[in-house]
Amino acid sequence: MRKRNEKGAGVKLLHYPPCPQPKKIAGLAKHIDLYFLTVLWQDEVGGLQVCQDGCWISVNLNVFSTVVNIRGIFQRTQETVIKSNTVLMQRFNASVLMPRM
183 MRKRNEKGAG
193 VKLLHYPPCP
203 QPKKIAGLAK
213 HIDLYFLTVL
223 WQDEVGGLQV
233 CQDGCWISVN
243 LNVFSTVVNI
253 RGIFQRTQET
263 VIKSNTVLMQ
273 RFNASVLMPR
283 M
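Residue 269 in my numbering sits at position 87 of the sequence shown, with consecutive numbering throughout.
This is the structure:
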């Protein structure tokens, strides 16, 4: 679902259900989240990784918890005190639920 107001701010909701054949999934390339704030609700699938000191490490899976990512724009507003991070998805099902409004 996507909703945007006249000034350009918006909300985007995505749902990635578990893949019935996870061994056939290649994953996503590393990327930086496009939005200022990304809130991820973890389920029992997992697979999120972050790059720390040049090494990819898995984000600890805590079922039904929330992971919050702050986009690189925050880095610029804070005079590079906080470095933005790229994200790598190892297990990923590329289906998107976007109902018509």
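For every residue, glycine included, the Cβ atom is placed at its ideal position computed from N, Cα and C.
Given the structure is predicted, the values throughout are model-derived calculations rather than measurements.
Compare the C-alpha of residue i against each of the options and name the closest.
| i | options | result |
| --- | --- | --- |
| residue 243 | 234, 236, 222, 218 | 222 |
| residue 202 | 236, 227, 238 | 227 |
Please check the pair residue i and residue j, which I expect to be a contact at CB under 8 Å, by giving their CB distance rounded to whole angstroms.
| i | j | result |
| --- | --- | --- |
| residue 225 | residue 245 | 7 Å |
Provide the residue span of the beta strand (DSSP E) that contains residue i, from first to last.
| i | result |
| --- | --- |
| residue 240 | 237–240 |
| residue 286 | With the chain running from 183 to 283 in the structure shown, residue 286 is simply not present. |
| residue 252 | 248–252 |
| residue 233 | 230–234 |
| residue 221 | 219–223 |
Report all residues from its chain with a CB closer than 7 Å to the CB of residue i; omit the five preceding and five following residues, and keep chain order.
| i | result |
| --- | --- |
| residue 249 | 222, 224, 230, 241 |
| residue 260 | Low confidence applies to residue 260: its pLDDT is 49, below 50, so where it sits in the model is not reliable enough to give any reading. |
Between which residues of its own chain and residue i is the CB-CB distance below 6 Å, once the five residues before and five after are set aside?
| i | result |
| --- | --- |
| residue 247 | 224 |
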